[in-house]
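Numbering (the working numbering), first residue to last: 1 to 369. Where a beta carbon is used, it is the ideal one built from N, C-alpha and C, also for glycine. Since the model is a prediction, treat every value here as computed from it, not as a measurement. Notes follow once the structure below has been shown.
What follows is the structure, given as structure tokens:
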């Protein structure tokens, strides 16, 4: 997220921070003035006057955008193009028309590390999973020292991140409550609009069933799905349709489906657990006084580890990562009882600043990207 800011920063860095340079052009495609001419016409005029780097932001809101980008790419071979959109599903669908012409980057929500950098103007290192597991004591102290220099404490910062730090547009709103309203509205838009545009076979009745399914998951997360019961509640005829609905919601980044460890083709089995996609969603949907902190911690851990790792549900413990490491997630009172005999097992604890041995502060996993 924060793609528009990142793109603009990149563009001006290419022209020595000259905001008036004629070599770059930023176009918000959803602006009403842009509707007066085609993207191709804009690119052609820009290129003829010496333009070198062109950005189309919110490209997914332009009809047949991928075909027009293809024509621009093929016609103006020396023109560099950046195209971005806030609907990951639309971008993924349209990118198929641009095979061998474009590289697609998906921007995840802010990590805890990025949230701290953005909030306090500091630079913090990105850490590998191996370094966290092997050197977390030293690494945690280093981060805490940097924050202390700013007069900040790590645990209150982590609490704020879990509530409102995943998306950078919190800074655009006057209060956290308005931010939560915006998040909830975004969830409705994703299900009611984005899914319909990607899967045109969905009907109004299908969308209502998807909304009902999401509502059930949100109330129960983490859900251990009873497929037969769910099928009856949302009134679908077969389990395959229900699995498709879960896939649609996962593709839309509103839920995360985790499967049993050691399994192969996950399409042939049901999810072992279903979580909301991120902790900010959980707080937006469920008032803070009703939010289950244990669930919040598990959502954070699964969300952050699923970026670049395989995360599954083991027989013992909460999560298995890369079919190797086993983790229990909890508070400082959590013990090794459930995983004491499992090699390479760890506790990720949510309310400790620093850890020792195989007890690791949960917040430090927020430095994986």
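- Assignment of residue 330 by DSSP, reduced to helix, strand and coil, places it in the strand class.
- A direct Cα-to-Cα measurement between residue 180 and residue 302 gives close to 21 Å.
- Residue pairing from DSSP places residue 320 in a beta bridge opposite 312 and 326.
- Between the beta-carbon of residue 115 and that of residue 71 there is about 40 Å, and that puts the pair past the 8 Å contact cut.
- Closest in alpha carbon position to residue 220, among 202, 251, 274 and 200, is 274.
- When the five nearest sequence neighbours on each side are left out, the beta carbons in the same chain lying within less than 8 Å of the beta carbon of residue 276 are those of 217, 218, 221, 254, 255, 256, 282, 285 and 299, in order along the chain.
- For residue 141, the secondary structure class from DSSP, reduced to helix, strand or coil, is helix.
- Taken atom to atom, the span from the alpha-carbon of residue 297 to that of residue 366 is near 12 Å.
- Going by beta carbons, residue 176 and residue 368 fall outside the 9 Å limit.
- Taking the Cα positions, residue 140 is about 7 Å away from residue 353.
- The beta carbon of residue 19 lies closer than 8 Å to those of 12 in the same chain, with the five residues before and after it left out.
- DSSP places residue 79 in the coil class of the three-state scheme, outside both helix and strand.
- Around the CB of residue 74, fewer than 16 other CB atoms lie within 10 Å, so the residue is classed as exposed.
- For residue 50, the closest alpha carbon among the candidates 59, 66 and 23 is that of 23.
- The DSSP-derived three-state label of residue 259 is coil.
- In the displayed model, residue 228 falls within a helix according to three-state DSSP.
- Contact between the region 193-209 and the region 221-233 is absent: fewer than 3 CB-CB pairs across the two stretches fall below 8 Å.
- Annotation: residue 171 to residue 155 spans about 20 Å, alpha carbon to alpha carbon.
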